[in-house]
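If you read the sequence shown in the working numbering, its first letter stands for residue 42, the second for the next number, and so on.
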Amino acid sequence: MSMTDRNFEPECKDFLRRFFDSYRDDALQKQSLKALRFLMANDRPLLGKPAGWAAGIVYASANRYRNACGVPGLLNKDLEEFFGVTMGTIRNRAARVNTLLDALLDI
42 MSMTDRNFEP ECKDFLRRFF DSYRDDALQK QSLKALRFLM ANDRPLLGKP AGWAAGIVYA
102 SANRYRNACG VPGLLNKDLE EFFGVTMGTI RNRAARVNTL LDALLDI
């Protein structure tokens, strides 16, 4: 977490909490928070806005652990609106999340 803003993790957690308050999926929430913990333990900085990373974490977790394409039961436009970022940003962050998790978990 060396170069990442100290407010990054709490802000990202807040976005995830608010998202899962409205999109009830306990298993996906657990996987998303676990992914955030792994990412924060990484020594590489997470550059960009916490909202984009939170959205990317949710998207990556849904695809990684659910074998889904996107977030099940949620339209991409709704995901964009909730986090205030574009699908391009969400997909880019999700790809980065997957790359970092693969490296951290040595898959």
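A virtual CB, placed ideally from N, CA and C, is assigned to each residue, including glycine. Predicted model, so just to flag it, every value in this text is computed and none were measured.
6 Å Cβ shell around Ser73 - same chain, five flanking residues per side excluded: Leu57, Ile98, Val99, Ser102
With a threshold of 7 Å on Cβ separation, who are the neighbours of Phe61 within its own chain once the five nearest residues in sequence on each side are excluded? Its chain contains Gln70 as the residues whose beta carbon lies nearer than 7 Å to that of Phe61, once the 5 sequence neighbours on both sides are disregarded; these appear in chain order.
Could you name the residues of the same chain whose beta carbon sits closer than 8 Å to that of Leu120, not counting the 5 residues immediately before and after it, in chain order? For Leu120, where only same-chain residues beyond five positions count, the Cβ hits under 8 Å are Ala96, Val99, Tyr100, Gly111, Val112, Met128, Ile131.
Helix, strand or coil: how does DSSP classify Val138 here? helix
Asn83 and Leu141 closer than 8 Å at C-beta: yes
Taking only the alpha-carbon atoms, compute the straight-line gap between Ser43 and Arg78 and give it to the nearest angstrom. Note that Ser43 has pLDDT 37, beneath the 50 cutoff, so the model's placement of it is unreliable and no number is given.
In this structure, how does DSSP classify Leu87 when only helix, strand and coil are distinguished? coil
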